[in-house]
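I have placed the structure first, in the form of structure tokens, so that the comments after it can refer back to it.
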Ligand SMILES: [Cu+2]
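Numbering (this note's numbering), first residue to last: 9 to 175.
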């Protein structure tokens with residue numbers, strides 16, 4: 009597991025240096041094939057038109073690895089920040105708070121994996137998370153508009169996806 013952890017960090021550094029996505033995908037595959045753990049699948053999640061695609065609504069508790077890709081057609085920065093939803097809260101609460109309080113509303117939510125890096129159009133970021141059972145969401149509080157300029161945080165525009173982790 010330690011070797012794999014180093015590989016994951018190496019991939020994260022490679023992504024940070026904006027190595028082309030194809031190379032990143034090959035590295036992810038190599039890291040995956042060496043692992044004997046059953047919880048090592050890499051789930052690809054991509055964003056298009058301010059919506060997350062490919063994120064399961066239910067996951068088993070454990071270590072999960074996600075490749076978050078920005079597949080917009082125009083230049084923009086997106087992020088995939090995993091947060092825990094307190095009892096009674098839903099993705100709609102994240103959207104509502106982002107609408108009324110703006111980008112700072114991000115800090116109202118418990119960040120379960122820290123602040124993962126953002127991805128510009130054409131790039132990807134690998135996120136490794138330990139997920140205990142519970143209710144979570146991924147969301148984006150970036151404020152750019154497609155092709156340039158600034159606007160409401162993307163969470164206010166609906167870029168939030170809720171999911172459940174079971175034991
Ligand atoms: Cu975004």
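Heads up, the beta-carbon is just placed ideally off N, CA and C, and yes, glycines get one too.
Can you tell me whether residue 73 is buried or exposed, with buried defined as 16 or more other CB within 10 angstroms of its CB?
Residue 73 is buried by the Cβ-count criterion.
Less than 8 Å separating the beta-carbons of residue 137 and residue 121?
yes
Classify residue 75 as buried or exposed, calling it buried when 16 or more other Cβ atoms lie within 10 Å of its own Cβ.
buried
Looking at ligand 1, does it come within less than 7 Å of residue 116, judged from the CB to the closest heavy atom?
For ligand 1, not one heavy atom lies less than 7 Å from the Cβ of residue 116.
Using a Cβ-Cβ cutoff of less than 8 Å, which residues in the same chain neighbour residue 153 once the five nearest sequence positions on both sides are dropped?
84 and 159
What do you get for residue 81, buried or exposed, if any count of 16 or more other CB atoms within 10 angstroms of its CB means buried?
So residue 81 counts as exposed.
Looking at the secondary structure, which residues open and close the beta strand (DSSP E) in which residue 108 lies?
Annotation for residue 108: no beta strand (DSSP E) segment contains it, though the alpha helix (DSSP H) segment containing it runs 99–109.
Let's test the definition: count the other Cβ atoms within 10 Å of the Cβ of residue 71 and tell me whether it reaches 16, buried, or not, exposed.
exposed
Across which residues does DSSP place residue 77 in a beta bridge pair?
54 and 132
With the cut-off set at 8 Å, would you say residue 145 and residue 167 are in Cβ contact?
When the beta-carbon positions are compared, residue 145 and residue 167 stay at least 8 Å from each other.
Given 7 Å as the limit, tell me if residue 72 has its C-beta closer than that to any heavy atom belonging to ligand 1.
Short note on residue 72: C-beta not closer than 7 Å to any heavy atom of ligand 1.
Going by beta carbon distance, what residues of the same chain come within less than 8 Å of residue 155, once the five residues before and after it are set aside?
So the list reads 82, 83 and 84, once near-sequence residues are dropped.
Measuring only the C-alpha atoms, how far is residue 110 from residue 68?
Their backbone Cα atoms lie some 32 Å apart in a straight line.
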